[in-house]
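This report concerns only the one structure given below.
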Amino acid sequence: MFFSITSVFAEDIKRPEIIAHHGVLEDVPENTFAALRSAVELGVDGIEIDIRQTKDNQLILMCDETIDRTTDGKGRVDQLLYAEIQQYDAGSWRGVEFRNEQVPLFSDVLKFCKINNLKLILNVKQTCLEKQVLDLVKANEMSSQVYLWGTLRNFNPEDAELFGKELVYVAPEEITEEKFDQIHEEKKYVFTSLLNNDDRKTLKNWVKMGVDVIMVDYPCVALDTLNIKRQMVSGKKTFRNRDINRPQMEADSNTAFIQEKVKTLVKTMEDEDSDKARNAALAMMVLPRKYTVLHLLKLLQNKHPQIKQNAIWTLGFCGDESAASYIQSLLKDKNAEIRREAVLALKRLGATQSVPILIETLRTEKDSWVKYDIARTLGTLGDQGAVYALTNAIMKEKNWYVKSACIEALGHIGSDKAMSILSNILIADAGEDAAWARTKAAWALAAIGEKTIPLLTNALRDNEEATRRRAGWALVKIGAPAVKELISSLREINKFTRERAALTLGWIGDERAVNALLWALKDEEPSVVSAAAWALGRIGSPMALSALQSLVNDKNSDIRGNATEAGQRILANKERMAYYKESAQKP
16 MFFSITSVFA
26 EDIKRPEIIA
36 HHGVLEDVPE
46 NTFAALRSAV
56 ELGVDGIEID
66 IRQTKDNQLI
76 LMCDETIDRT
86 TDGKGRVDQL
96 LYAEIQQYDA
106 GSWRGVEFRN
116 EQVPLFSDVL
126 KFCKINNLKL
136 ILNVKQTCLE
146 KQVLDLVKAN
156 EMSSQVYLWG
166 TLRNFNPEDA
176 ELFGKELVYV
186 APEEITEEKF
196 DQIHEEKKYV
206 FTSLLNNDDR
216 KTLKNWVKMG
226 VDVIMVDYPC
236 VALDTLNIKR
246 QMVSGKKTFR
256 NRDINRPQME
266 ADSNTAFIQE
276 KVKTLVKTME
286 DEDSDKARNA
296 ALAMMVLPRK
306 YTVLHLLKLL
316 QNKHPQIKQN
326 AIWTLGFCGD
336 ESAASYIQSL
346 LKDKNAEIRR
356 EAVLALKRLG
366 ATQSVPILIE
376 TLRTEKDSWV
386 KYDIARTLGT
396 LGDQGAVYAL
406 TNAIMKEKNW
416 YVKSACIEAL
426 GHIGSDKAMS
436 ILSNILIADA
446 GEDAAWARTK
456 AAWALAAIGE
466 KTIPLLTNAL
476 RDNEEATRRR
486 AGWALVKIGA
496 PAVKELISSL
506 REINKFTRER
516 AALTLGWIGD
526 ERAVNALLWA
536 LKDEEPSVVS
546 AAAWALGRIG
556 SPMALSALQS
566 LVNDKNSDIR
576 GNATEAGQRI
586 LANKERMAYY
596 KESAQKP
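The numbering of the sequence shown is my numbering, which starts it at 16 and goes up by one.
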């Protein structure tokens, strides 16, 4: 069997650098150390992160103006102290395996990336932070690994030559070889992005045209296109999250001192200075709760909203579930911010006894943000009894942000009863406002598991590419149990369904799909043949070599390229297996 050793890319084409957009978004929470670790393990060249400044001038990783979407807290970043943000969970919304993931400090991220040789594209989300950001980069000796981009590029520091490549962004729809040549003549580097898209053909074309840096939502696709193997990096140092400053002091002979300390902190919590009051609330967390809870419960009666909010907030972290009955009474408070704080406190306390009142409040509440928090709290508490209320809220609610919280909650609870409505959201044609909710619907269906396979394979028939993409990756998460239905999808009338089914089978990598994919090589649609050839290469079965060889001279360039690449992969895998077998047999 003969396969040309010629690469799908010419030898003089330089491999572009692959930058993960916020991380590996299909698998991990964005802008966290989990995202950074995943990027290193996957083998990407760098990661794009978002930077914002807290009220006390700390630089942290955060995309949105508020922390509401990606943590279990609330509020604008520029109005919160970092010590407060540090208390919040920035990972559980993506899965229990990311529980207690924190919002990272930019300085810690720089240390991690220096240790792991990870390049950075910095997206500074607020104005007038450029000098502070760049000074921190230089202080950590990371200039050569940081690419100037956005407001940083416009800032034009005096020592710009110390930093990494000067990137010139070219929007995907504006890409031409002439534009690339012009940028390269100026000794600059072409930077573009493939977001909300996993098209290998587009990536290949850009590489052949000479792109230097590509930011992607699906880094595994980009690395596969460039034939870069996933690498579990060993010997690299990790960087653990900072310890949360929430230890409980033990009560012993210091009882009198602790009692006096509590009185002082309670008085400070009533101070008009909001920062002093919040810091006092933070300090109360480290004291034994038997000295603090009664004082905090008394503060719940205070008429000043800020004082009441701080008391609720601290009680939420005290770990005393008996406080839940007092807190849940505030779900009827006239102040929406107090109601939000009460909901989040019940969530942190794990107050399952509050589920009935939360369900009732979700039904009657008018404020969208309170409903958003209730939905997420019900998801965290995981009570099956909340499923009907959440599905009903999805049907009646007009705000897509609230819908997304209900969808997230249903994914955490994992009820079969939610499958139909989640499927309807996934295939909904509701414009850009619904995009985040539809992505979460795909994740939720994947989390529920095997029973959703018929619904997800049905979504592969959708006319919209984004729906097929979301459904395909959800099926990849489910894995081997989806193979049988995906094989059936190879016989669908819709060519896009057949193509996505072939790609999904390739990512799952189950050899049971080989025969069906071999038949797909005879499909009348070139894009399906090309996808099937690639999938066979991913699976790596030698059974496919003969059929792939017959396609290496096909008139369609995509088919030729994928067939050649697939054959080379299979042969290389055979050689590796033979080597390992021979090595194992040696004495």
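Heads up, the beta-carbon is just placed ideally off N, CA and C, and yes, glycines get one too.
Note that the coordinates shown come from a computational prediction; the quantities given were computed from them, not determined experimentally.
- Linking Leu460 to Trp415 through their CA atoms gives a straight-line distance of about 18 angstroms.
- Note that the segment 295-308 touches the segment 326-333; at least 3 beta-carbon pairs, one per stretch, sit closer than 8 angstroms.
- Residue Ala237 holds the alpha-carbon nearest to the alpha-carbon of Leu210 among Lys305, Ala237, Val358.
- Leu302 and Tyr387 have their C-alpha atoms some 31 angstroms from each other.
- Contact between Thr85 and Ala54 is ruled out by a C-beta separation of about 17 angstroms, above the 8 angstroms threshold.
- Boundaries of the alpha helix (DSSP H) around Met434: 434-441.
- Within the same chain, Met284, Glu285, Ala292, Leu314 come within 8 angstroms of Ile322 by CB-CB distance, once the 5 residues on both sides are set aside.
- Rounded to the nearest whole angstrom, the CA to CA distance from Ser430 to Asn478 is 28 angstroms.
- Under the criterion of beta carbons closer than 8 angstroms, Ile33 and Leu51 do not qualify as touching, at roughly 15 angstroms.
- The straight-line gap separating the alpha-carbon atoms of Gly90 and Asn138 is approximately 21 angstroms.
- The beta-bridge partner set that DSSP reports for Ala35 consists of Ile62, Val231.
- Taking a cut-off of 8 angstroms for Cβ pairs, the segment 511-531 and the segment 550-568 touch, as three or more such pairs fall below it.
- Setting aside the 5 residues that flank it on each side, Leu125 is surrounded in the same chain by Asn155, Met157, each with a C-beta closer than 6 angstroms to its C-beta; the list follows chain order.
- The continuous alpha helix (DSSP H) containing Tyr97 extends over residues 97-100.
- In the DSSP assignment, Ser503 falls within the alpha helix (DSSP H) that extends over 498-504.
- DSSP, reduced to helix, strand and coil, places Gln68 within a strand of the structure shown.
- In the three-state DSSP reduction, Tyr103 falls in the coil class, being neither helix nor strand.
- If you compare the alpha carbons of Asn439, Val205, Glu375, Ala497 with that of Thr482, the shortest gap goes to Asn439.
- Per the coordinates, the alpha-carbon of Val544 lies some 52 angstroms from the alpha-carbon of Thr69.
- In the DSSP annotation of this structure, the continuous segment of the alpha helix (DSSP H) that includes Phe511 starts and ends at 510-523.
- Restricting attention to beta strand (DSSP E) runs no shorter than 3 residues, the segment 356-402 encloses none.
- From the listed residues Arg391, Glu500, Glu336, the smallest Cα separation to Leu359 is found for Arg391.
- Judged by pairs of C-beta atoms under 8 angstroms, the segment 195-207 does not touch the segment 39-51, as fewer than three such pairs exist.
- Contact between Ala357 and Gln343 holds, since their C-beta atoms are separated by about 7 angstroms, short of 8 angstroms.
- Following the DSSP letters along the chain, one finds Asn220 inside the alpha helix (DSSP H) bounded by residues 215-224.
- Counting C-beta pairs closer than 8 angstroms gives fewer than three between the segment 496-505 and the segment 218-227, which falls short of the contact rule.
- Within the same chain, Leu475, Arg476, Arg483, Ser504 come within 8 angstroms of Thr512 by CB-CB distance, once the 5 residues on both sides are set aside.
- Here Phe206 has Leu182, Tyr184, Val228 as same chain residues with Cβ atoms under 6 angstroms from its own Cβ, once five neighbours each way along the sequence are excluded.
- If you look at Lys134, you'll find it in the beta strand (DSSP E) that goes 134-139.
- Close CB contacts of Gly487 within its chain, under the 7 angstroms cut and outside five residues either way in sequence, are with Leu475, Arg515, Leu518, Thr519 (chain order).
- Residue ranges of uninterrupted beta strand (DSSP E) with 3 or more members, entirely inside the segment 154-202 and ordered along the chain, are 182-184.
- Burial is judged here by how many other beta carbons sit within 10 angstroms of a residue's own beta carbon; Ile130 has fewer than 16 and is exposed.
- By alpha-carbon distance to Ala559, the top candidate from Leu536, Ser542, Ile574, Ile468 is Leu536.
- Where Thr207 is concerned, there is no enclosing alpha helix (DSSP H), although the beta strand (DSSP E) around it starts and stops at 204-209.
- Residues of the same chain with a CB within less than 8 angstroms of the CB of Glu380, apart from the 5 flanking positions on each side, are Arg354, Lys386, Ile389 in chain order.
- The Cβ atoms of Ile66 and Phe121 lie closer than 8 angstroms to each other.
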